[in-house]
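Everything below concerns the one structure shown next.
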Amino acid sequence: MTVFMTRSGAVSGRTSPRDPGVAVLRGIPYAAPPFGADRFRAPRPAAAWDGVRTCTDFGPVAPQSAQLPGAPAWSPGEEDILSLNIWTPAHEGDELPVLVWIHGGAYVFGSSAQPDFDGTALAGHGLVVVTLNYRLGFEGFGHVPPARGMDPCPDNRGLLDQIAALEWVRDNIAAFGGAAGNVTVAGQSSGATSVACLMATDRARGLFRRAIAHSAVNACASPGSAALTTAEVAVAAGVPATRDGLLSASPAALVEASDAVAEGYRRDSGSGPRHYDPAIYGPVAGVDTLPLDPLTACATGSARAVDLLVCHAVEEYWLLDAVGSSAKVTTEGQLALFAADHGLSPALLDAYRALLPGAPVLDLYLAVYGDLLFGEYSSRLAEAHARAGGRAFLSRFARQRGGGGERVRAWHCADIPFAFGNVGEEPCHFLVGGPPGEADRALAQRMVRAWAGFAASGDPGWPPVTPDAGGPVRIWDTGEPSGSDSRGRWDAFRAPWRAAGLPLLAP
Numbered sequence: 002m003t004v005f006m007t008r009s010g011a012v013s014g015r016t017s018p019r020d021p022g023v024a025v026l027r028g029i030p031y032a033a034p035p036f037g038a039d040r041f042r043a044p045r046p047a048a049a050w051d052g053v054r055t056c057t058d059f060g061p062v063a064p065q066s067a068q069l070p071g072a073p074a075w076s077p078g079e080e081d082i083l084s085l086n087i088w089t090p091a092h093e094g095d096e097l098p099v100l101v102w103i104h105g106g107a108y109v110f111g112s113s114a115q116p117d118f119d120g121t122a123l124a125g126h127g128l129v130v131v132t133l134n135y136r137l138g139f140e141g142f143g144h145v146p147p148a149r150g151m152d153p154c155p156d157n158r159g160l161l162d163q164i165a166a167l168e169w170v171r172d173n174i175a176a177f178g179g180a181a182g183n184v185t186v187a188g189q190s191s192g193a194t195s196v197a198c199l200m201a202t203d204r205a206r207g208l209f210r211r212a213i214a215h216s217a218v219n220a221c222a223s224p225g226s227a228a229l230t231t232a233e234v235a236v237a238a239g240v241p242a243t244r245d246g247l248l249s250a251s252p253a254a255l256v257e258a259s260d261a262v263a264e265g266y267r268r269d270s271g272s273g274p275r276h277y278d279p280a281i282y283g284p285v286a287g288v289d290t291l292p293l294d295p296l297t298a299c300a301t302g303s304a305r306a307v308d309l310l311v312c313h314a315v316e317e318y319w320l321l322d323a324v325g326s327s328a329k330v331t332t333e334g335q336l337a338l339f340a341a342d343h344g345l346s347p348a349l350l351d352a353y354r355a356l357l358p359g360a361p362v363l364d365l366y367l368a369v370y371g372d373l374l375f376g377e378y379s380s381r382l383a384e385a386h387a388r389a390g391g392r393a394f395l396s397r398f399a400r401q402r403g404g405g406g407e408r409v410r411a412w413h414c415a416d417i418p419f420a421f422g423n424v425g426e427e428p429c430h431f432l433v434g435g436p437p438g439e440a441d442r443a444l445a446q447r448m449v450r451a452w453a454g455f456a457a458s459g460d461p462g463w464p465p466v467t468p469d470a471g472g473p474v475r476i477w478d479t480g481e482p483s484g485s486d487s488r489g490r491w492d493a494f495r496a497p498w499r500a501a502g503l504p505l506l507a508p
């Protein structure tokens, strides 16, 4: 196996079992363990090592209570969580484009070890693929109050981890055949909003030239809402809401306390917006590490030098209902309360009733909530970027599948196994409705080519959004690729938002 030399030491991995031309290295530390004296601090460089470090296993995941299919669980005491993984078809001296992937998971769960994030297929199309772990939950996104005489603990530590990983790529990726000047950062869900946040912060400037955001989430915390969350989590953990009090609680205790706070909102139908989807953490906008929320920042043109590729699924929120993470809204009274809690007008609900005639209340709720959180927000990111002088491309994932008498919708996360070329992996079958057929494999090939083309040259295969929010929208489906949906079925759902406006949400 080839040995690669990083600035911290030599590493080796193994050949991908799916492609003998691709080398895979897992669990390379890009920063020091963020615990002990470094807990709640900005990431520090990883320590150097002697000899050749064997990197064949994924690194430990960040503290969390979830365990996703095919991925490892977090074990208390595992601290070397800031690691990354590389799939490369190249050798030192090559200059291949690099794609850096940031996983989603509502900022509280997930890891780079999920089977749908295997980079072999993308590497086979000429990319060096990097995936990474970063701090989640309170460790990564909880606000730590300042203490007199002490350096402040920065907000958005998870974003700072992502920046540290991108700096590691800048400094080391040439050893793996990657071009440090041709980096695309990509993510889905909270990972996509992380990408948008990286576009909005000066600290990440120059670390990437392109960005891919699938299903970006309309959810950035304000300093006030972040402070409120800290107070609630501290009460649940039984510690003072101070720097010392929070440091006295173990990472496991803060995970448990965070889950308890979220569950409280889930059970209380009168608790406002958090009741419907109790994700209590998110990037904090309006602070030193993130001065503006991503949508506002895109509109200023501060990231116009970065090419942006946006995608969202057309039935995003049906997945959250299917896995039981969303409140059930089944009556007109509940739907009216949901709209009032989120500042949505009755006219917007009426527009959705007209677009979905005869639909049950639950379907109306899922359609509106999915567009509020993901679809409309994602589309506006692309349009704001284009109006500010940037190049932006917009696409929608519309692939559905019948089977067993039950339709598999074009829902949240279903697009990612296609874009990575991993639809055949068994842990992905729930998302895509079972083993793929030939049409599914062909769709995956088209999406992989689009990502590879965009990462290589900024061209995914269709024209960009124009400043007047026109231009074609690529529709990903198992039929022939369609160029424009500007007057099609799915674009009709955007008209009510143009009339009503889109409220920006804070977790």
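Residues 2 to 508 in the working numbering are what the sequence shown lists, from first letter to last. For each residue, glycine too, the CB sits at the ideal point set by N, CA and C.
Between residue i and residue j, which are expected to be in contact by the criterion C-beta below 8 Å, what is the C-beta distance as a whole number of angstroms?
i       : j       : result
Leu-395 : Val-311 : 5 Å
Thr-121 : Trp-88  : 6 Å
Leu-291 : Ala-399 : Not really, about 32 Å apart at Cβ, beyond 8 Å.
Ser-326 : Asp-278 : 7 Å
Leu-123 : Phe-455 : In fact, because the Cβ distance is near 11 Å, the residues do not count as touching under 8 Å.
Gly-192 : Gly-60  : Not really, about 17 Å apart at Cβ, beyond 8 Å.
Leu-363 : Thr-331 : 5 Å
Pro-70  : Gly-22  : In fact, because the Cβ distance is near 28 Å, the residues do not count as touching under 8 Å.
Gly-222 : Val-285 : Per the sequence shown, the amino acid found at residue 222 is Ala instead of Gly. With 8 Å as the limit, Ala-222 and Val-285 qualify as a contact, their Cβ atoms being about 5 Å apart.
Glu-426 : Asp-117 : 7 Å
Leu-382 : Ala-220 : Not confirmed; about 13 Å, so no contact.
Pro-252 : Glu-140 : 6 Å
Val-409 : Gly-434 : 3 Å
His-343 : Pro-274 : 6 Å
Which same chain residues end up closer than 8 Å to residue i when comparing Cβ atoms and leaving out the 5 residues on each side of it in sequence?
i       : result
Ser-487 : In this predicted model, Ser-487 has a pLDDT of only 40, less than 50, meaning its place in the structure is not dependable; the value taken from the coordinates is given anyway. So the list reads Gly-471, Gly-472, Pro-473 and Val-474, once near-sequence residues are dropped.
Ala-148 : Thr-243, Arg-244 and Asp-245
Asp-289 : Pro-155 and Asp-156
Gly-405 : For Gly-405, the predicted model reports a pLDDT of 48, less than 50, meaning its position is unreliable and no value from the coordinates is stated.
Met-151 : Arg-244
Let's see if you can read the secondary structure: which residues bound the alpha helix (DSSP H) around residue i?
i       : result
Pro-18  : That residue, Pro-18, is in no alpha helix (DSSP H); it is neither H nor E in DSSP.
Met-151 : From DSSP, Met-151 is part of no alpha helix (DSSP H); its letter is neither H nor E.
Ser-259 : 252 to 268
Leu-506 : Note, Leu-506: premise wrong, no alpha helix (DSSP H); not H, not E.
Thr-121 : 121 to 125
Ala-107 : From DSSP, Ala-107 is part of no alpha helix (DSSP H); its letter is neither H nor E.
Ala-496 : 496 to 501
Phe-142 : 138 to 142
Tell me which residues share the same chain as residue i and place their Cβ nearer than 6 Å to its Cβ, disregarding the 5 neighbours each side in the sequence.
i       : result
Val-4   : Ala-11, Ser-13 and Val-53
Ala-72  : Ser-112, Ala-114 and Gln-115
Pro-497 : Leu-349 and Ala-352
Ala-445 : Phe-419, Gly-422 and Val-424
Asp-478 : Ala-399 and Arg-400
Val-315 : Arg-397, Ala-399, Ala-411 and Trp-491
Leu-85  : Ile-29, Tyr-31, Val-131, Leu-133 and Ala-166
Gly-125 : Asp-20
Which residues bound the beta strand (DSSP E) around residue i?
i       : result
Val-4   : 4 to 6
Ala-355 : It is not in any beta strand (DSSP E) - Ala-355 instead sits in the alpha helix (DSSP H) that spans 347 to 356.
Arg-475 : 475 to 477
Arg-54  : 53 to 55
Ala-33  : Premise fails: Ala-33 is in no beta strand (DSSP E) and is neither H nor E.
Leu-133 : 129 to 133
Val-12  : 11 to 13
Leu-85  : 84 to 89
Closer than 7 Å by C-beta to residue i: which residues in its own chain qualify, once you throw out the five before and the five after it? Chain order, please.
i       : result
Ala-180 : Glu-96, Leu-97, Pro-98 and Val-99
Leu-320 : Trp-412, His-413 and Cys-414
Glu-79  : Pro-61
Asp-81  : Pro-30, Pro-34, Gly-60 and Pro-61
field: At least three beta-carbon pairs within less than 8 Å, the stretch 60 to 80 to the stretch 248 to 263
entry: yes
query: Where are the alpha helix (DSSP H) runs, 4 residues long or more, that stay fully inside the stretch 296 to 333, in chain order?
result: 319 to 323
- prompt: At which residue ranges does the stretch 170 to 244 contain complete alpha helix (DSSP H) runs of 4 or more residues, listed in the order of the chain?
  reply: 191 to 201 and 224 to 238
query: Between the stretch 26 to 36 and the stretch 162 to 170, do three or more beta carbon pairs fall short of 8 Å?
result: yes
message: Across the stretch 302 to 309 and the stretch 335 to 347, are there enough close Cβ pairs to call them in contact, namely three or more that are closer than 8 Å?
response: no
query: What are the uninterrupted segments assigned as alpha helix (DSSP H) that are 4 or more residues long and contained completely in the stretch 370 to 456, given in chain order?
result: 377 to 388, 416 to 420 and 430 to 433
- prompt: Any chance the stretch 171 to 188 sits against the stretch 92 to 101, with 3 or more Cβ pairs inside 8 Å?
  reply: yes
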